[in-house]
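Notes follow the structure.
Residue numbers (the numbering used here): 334 to 787.
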């Protein structure tokens, strides 16, 4: 019943063929041709299945489908412009026209027929929310316990944020953060700044012996494709079963030129330089990209497959890396980088609270926006995007839950190993076990069935 489901299927399946050179361009173009020809059938199924969605689902579905439309119209032709089979290119152009018409018609259907009658609730309810956590994440923790953990961690992180900000010029944390956020890339510079950060991060990881750097894959830093602009930043890697190294993509969402100057500045304030360091740590080194490099070397096909990967481990690893890098000395002499890491942690902890309150209690989206603004100090537009995301991504608490589970696992392993504990060995061993739920990682590394988080 979620219109975004169909735009995600369409856009991600096309993007997988257009962005990654895992096969000759002509072969990938033929796969795209098949997908474009089936697009009208996919969207007819969407019309048949979408009966009474929540209004927010329709809003986001229209936005993402417009992005998919732009991807089909503009990005696909560029991706296959070097194909020299004129007959194939002609078939692609015809299928592109047909798919474009089907997508445009579907957008009109959502706006004119579905949106006016969209009254359903987005809430899962407490029972289904807890069931989803058990099935998706292997996490059997009651909602009330999760709320207590989230509240405790939010308050502790706020205190750390205020304490650190108080040691900066002026002595007031919020004023220090406001000054920090004012220092950000200009419109159009975001990708270049992100690209410059990666070499420094890779060097630091290697110098500090944080984790093994396998090497072999290239990274392209680029603007986020239109269909994925609801995301702040993302890492797109080839699949773990690819037999040869191919290019990965680190996407950053720059401003839309059509936005007002005020909205552009507001957007970039949340991409201030210290925060961008945390984002690059999370997405690339030693976060998602390095995780992917290790995943390709996992022997177990089950634990190698992303089909069975709990998001709490995947996102928990990347979010854990943000704090771990600070602990290892990155930005040691720059309070602003440390403050940026704490600010990112506050956003994830706000998600922790908001998703529970949206789906297991009676919080509204507007109340969620206010919580992100007041508790995580976000700008209005970014806070709204985060709160709206919570309606269709009900378990985006996985970032904080995974980070807390990993910190506990590290502490327990360190206590068991004593003086022989090595951070690099811990990280290498952890990632060599694949994308298993945390209860299994604890069994593999500790031989116990202790609590995942506490």
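Think of the CB as a built atom: it goes at the ideal place given N, C-alpha and C, for glycine as much as any other residue.
Here the alpha carbons of residue 750 and residue 562 stand approximately 44 Å from one another.
The stretch 681-695 and the stretch 721-735 touch, with no fewer than 3 CB-CB distances between them shorter than 8 Å. Counting other Cβ atoms within 10 Å of its Cβ, residue 344 reaches 16 or more and is therefore classed as buried. For residue 722, the number of other beta carbons within 10 angstroms of its own is at least 16, and it is reported as buried. Selection 543, 575, 601, 697 evaluated against residue 565 yields 601 as nearest (Cα-Cα).
Remark: fewer than three beta-carbon pairs, one from each stretch, lie closer than 8 Å, so the stretch 502-519 and the stretch 753-760 are not flagged as touching. In terms of CA proximity to residue 676, 510 leads the group 473, 510, 593.
Contiguous beta strand (DSSP E) elements confined to the stretch 555-642 occur at 566-569, 581-585, taking only those with 3 or more residues. In the structure shown, residue 728 falls within a coil segment according to DSSP collapsed to helix, strand and coil.
In terms of Cα proximity to residue 347, the closest of 616, 481, 407, 591 is 407.
Counting only residues of its own chain and dropping the five nearest sequence neighbours on each side, residue 358 has a CB closer than 7 Å to the CB of 413, 415, 416. The alpha carbon of residue 616 has as its nearest neighbour, out of 471, 654, 630, 747, the alpha carbon of 654.
Following the DSSP letters along the chain, one finds residue 369 inside the alpha helix (DSSP H) bounded by residues 358-382. Between the stretch 466-473 and the stretch 375-383 there are fewer than three C-beta pairs closer than 8 Å, too few to call the two in contact. Per the DSSP secondary-structure output, residue 553 pairs in a beta bridge with 582. Under the three-pair Cβ rule at 8 Å, the stretch 707-717 does not count as touching the stretch 732-741. For residue 774, the closest alpha carbon among the candidates 462, 710, 742 is that of 742. Considered as a whole, the stretch 395-446 harbours no complete run of any beta strand (DSSP E) with no fewer than 3 residues. With respect to the C-alpha of residue 559, the residue from 641, 518, 419, 584 having the closest C-alpha is 584.
Going by DSSP, residue 537 is part of the alpha helix (DSSP H) stretching over 523-540. Non-local C-beta neighbours of residue 720 in its own chain, meaning closer than 7 Å and more than five positions away in sequence, comprise 687, 698, 701, 702, 705, ordered along the chain. A residue is called buried once 16 or more other Cβ atoms fall within 10 Å of its Cβ, and residue 482 is buried on that count. The beta carbon of residue 555 sits closer than 7 Å to the beta carbons of 524, 582, 584 from its chain, once the five residues preceding and following it are set aside; these are given in chain order.
In this structure the stretch 434-443 touches the stretch 359-376; the number of beta carbon pairs closer than 8 Å is three or more. Taking the CA atoms as reference points, residue 362 sits about 13 Å from residue 405.
With contacts defined as CB atoms closer than 8 Å, residue 637 and residue 628 qualify as a contacting pair. Cα atoms of residue 580 and residue 452: separation of roughly 43 Å, rounded to the nearest angstrom.
Considering only 337, 575, 522, 476, the residue with the shortest C-alpha distance to residue 460 is 476. Here the C-alpha atom of residue 550 lies approximately 16 Å from the C-alpha atom of residue 536. Residue environment: residue 710 is assigned as buried (16 or more neighbouring CB atoms within 10 Å of its CB, all protein chains considered). Your pair residue 662 and residue 670 does not check out as a contact, with CB atoms roughly 11 Å apart and the cut at 8 Å.
In this structure, residue 397 keeps its C-beta atom at 8 Å or more from the C-beta atom of residue 350.
Taking a cut-off of 8 Å for Cβ pairs, the stretch 589-605 and the stretch 640-654 do not touch, as fewer than three such pairs fall below it.
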